[in-house]
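Below you'll find the structure, written out as structure tokens, and then a few comments.
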Amino acid sequence: MQELRSTDILDKEIQADARKKAERMLQKADRDCEQLISSVEADIEKAAAEKKDFFARKLDAFETDRKAVVPLEKERFKVSFIQNAVIQNINKYLEGLSEEKRLELVARGFDFNTEQKLNAYVYGFSLDAAKKFLSKKLSSHLASCTQTKFGAAVLEEDLGLAKPEGIILESEDKNFRWRLTINEVIEKLLDKNRAELSATLFGGDL
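If you use the numbering used here, the sequence shown corresponds to residues 402 to 607, in order.
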């Protein structure tokens, strides 16, 4: 009987000890869980703050770029508008010239006193008119005169002329080539007199 009581007491002590250990484990687990939750919440808050700061900087950069771009685009538009207006006035001027005058215009400044045989490639102008004009200038040094298209013989920028016209002269050995074109004349005119042209049209606003 005494042995049974001793066993019963021992069982109770073991159960009590097991409960205490279980309680301590649960308490520790609760503390660990709370620490983990606190750590996660802190990480979330930190990440949110970093994201907020990142997007704030992005927004500031966007606003800065936008403010810088607007005046730049405005200036580009103004330059483009003036350029187009200048070209329109040049087109009107060229329309009022005879073909012979336009041929003289493109040939102005070129030294026709050459001993080389030259091939001529004509675009825009009448082939007959160009051949007649060149024959007077080059005489027997004109080897050939053929029709071509704008930009075919040499690369040229499209300035927006209503009717691109020109003559490309090339030596027979192909070592030399000259552009006698309206484009060439206009490019030089714009480079030299852009300020004067814009002043005439828009009071110098360029």
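Heads up, the beta-carbon is just placed ideally off N, CA and C, and yes, glycines get one too.
Under 8 angstroms by Cβ, that's how I've got residue i and residue j pegged, so tell me the actual separation to the nearest angstrom.
{"i": "Ser568", "j": "Arg578", "result": "This sequence places Ile at residue 568; Ser is not what is there. So it is not a contact: roughly 11 angstroms between Cβ atoms."}
{"i": "Ser572", "j": "Leu519", "result": "6 angstroms"}
Let's test the definition: count the other Cβ atoms within 10 Å of the Cβ of residue i and tell me whether it reaches 16, buried, or not, exposed.
{"i": "Arg503", "result": "buried"}
{"i": "Asn584", "result": "buried"}
{"i": "Thr582", "result": "buried"}
{"i": "Glu404", "result": "Any reading at Glu404 needs caution, since the residue's pLDDT is 49, under 50, leaving its predicted position unreliable; the model's value is listed next. Answer is exposed; the Cβ neighbour count stays below 16."}
{"i": "Met402", "result": "Model confidence at Met402 stands at a pLDDT of 47, short of 50, so the residue's coordinates are unreliable and nothing is read from them."}
{"i": "Phe482", "result": "exposed"}
{"i": "Phe455", "result": "exposed"}
Of the choices the options, whose alpha-carbon is the least far from that of residue i?
{"i": "Asp512", "options": "Asn485, Ala530, Phe455, His542", "result": "His542"}
{"i": "Gln517", "options": "Arg425, Lys575, Gly497", "result": "Lys575"}
{"i": "Arg580", "options": "Thr515, Gly561, Ser527, Val507", "result": "Val507"}
{"i": "Ala554", "options": "Glu566, Leu562, Gly497", "result": "Glu566"}
{"i": "Ala530", "options": "Lys550, Ile491, Glu505", "result": "Glu505"}
{"i": "Leu562", "options": "Ala486, Gly510, Asp592, Phe534", "result": "Ala486"}
{"i": "Asp592", "options": "Gln484, Thr465, Glu451", "result": "Gln484"}
{"i": "Ile587", "options": "Thr515, Lys459, Arg425, Ile491", "result": "Ile491"}
Report all residues from its chain with a CB closer than 7 angstroms to the CB of residue i; omit the five preceding and five following residues, and keep chain order.
{"i": "Ser536", "result": "Leu543"}
{"i": "Lys532", "result": "Cys546"}
I'd like the list of long-range same chain contacts for residue i, defined as Cβ closer than 6 angstroms, with 5 residues on each side in sequence excluded.
{"i": "Glu558", "result": "none"}
If you drop the 5 nearest sequence neighbours on each side, which residues of the same chain put their C-beta closer than 8 angstroms to that of residue i?
{"i": "Lys550", "result": "Tyr524"}
Across the region 523-532 and the region 541-561, are there enough close Cβ pairs to call them in contact, namely three or more that are closer than 8 angstroms?
Contact holds: three or more Cβ-Cβ distances are below 8 angstroms.
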